[in-house]
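Numbering (our numbering), first residue to last: 832 to 1034.
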């Protein structure tokens, strides 16, 4: 489903360590569908690489600028910037990757603050890339079941800054179980093999 077809209803964002997906459920009901965001999705798949290349002067104030210096998702890959990872010299400081695991971590450090800054910019760019004629009425964000309280608080803080009337936070295993379409009361073993962590949950 192309993002241009999504109007109103509920929007869900699953921010992953390596990839991010966005799903939409129309206000009229029906099953949720994954969104393809042409500017950022990887090929024809509704998968957005969780990557950001952003110079130091890139802030949310630059998002509407035709010369804004940020690259997001597949744009980072196409620019060849991901090839600098794990190769000398170190990747440029403007490249944000694998930042999810550091968001909300304790103790506070420059790395944590940088990860939170990159994550906030990534979500802002993703939100503004969706060509809404009728904005969603509800935003659902997902978090690992054992996520730091700081990460959950960060999601709620930055989700709450987006122009949407209702915000919900759902555990990733619960979201997967609901999305399976099984009857209420079913027991579901959710196996989540992520880039940062793996998790088994019985829901």
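In this text, a Cβ means the ideal position worked out from N, Cα and C, and glycines have one as well.
In this text the structure is predicted, and so the values were computed from the model without any measurement.
### Query
Where does residue 960 fall in DSSP's three states?
Residue state, collapsed to three classes: helix.
### Query
Can you name the residues that DSSP bridges to residue 855?
Paired residues: 842 and 864.
### Message
To the nearest angstrom, how far is the alpha carbon of residue 913 from that of residue 947?
### Response
Spanning the two alpha carbons is a distance of roughly 20 Å.
#### Entry: Spatially closest choice to residue 840 from 859, 852, 853 and 846, by CA coordinates
Among 859, 852, 853 and 846, the Cα nearest to that of residue 840 belongs to 859.
### Task
Can you give me the Cβ contacts of residue 950 inside the same chain, cut-off strictly under 6 Å, excluding the 5 residues immediately before and after it?
Closer than 6 Å at the Cβ level, and outside the excluded window around residue 950, lie 930 and 934.
### Message
Measuring straight from C-alpha to C-alpha, what distance separates residue 991 and residue 999?
### Response
Answer to the nearest angstrom: the Cα atoms are 10 Å apart.
### Enclosing beta strand (DSSP E) for residue 974 [first to last residue]
It spans 969–974 - the beta strand (DSSP E) in which residue 974 sits, taken as one unbroken run.
### Query
Going straight from the alpha carbon of residue 1009 to that of residue 1020, what length do you get?
Those two C-alpha atoms are separated by around 12 Å.
### Query
Hey, is residue 976 close to the ligand ZN, as in C-beta under 7 Å from one of its heavy atoms?
In terms of ligand content, the structure shown is empty, and the ligand ZN therefore cannot be addressed.
### Task
Helix, strand or coil for residue 879, going by three-state DSSP, please let me know.
Residue 879 sits in a strand when the DSSP states are folded into three classes.
### Query
Between the Cα of residue 954 and the Cα atoms of 996, 997, 972 and 855, which residue gives the shortest distance?
Among 996, 997, 972 and 855, the Cα nearest to that of residue 954 belongs to 972.
### Query
Straight-line CA distance for residue 915 to residue 1001?
Linking residue 915 to residue 1001 through their CA atoms gives a straight-line distance of about 35 Å.
### Message
Applying the 10 Å Cβ sphere with the 16-neighbour rule, what's the burial state of residue 891?
### Response
Its pLDDT being 48, under 50, residue 891 is placed unreliably in this model, and the coordinates cannot settle the point.
### Query
When burial is assigned at 16 or more other CB atoms within 10 Å of the CB, is residue 1022 buried or exposed?
With fewer than 16 other Cβ atoms within 10 Å, it is exposed.
### Query
By DSSP, does residue 927 sit in helix, in strand, or in coil?
Residue 927 sits in a strand when the DSSP states are folded into three classes.
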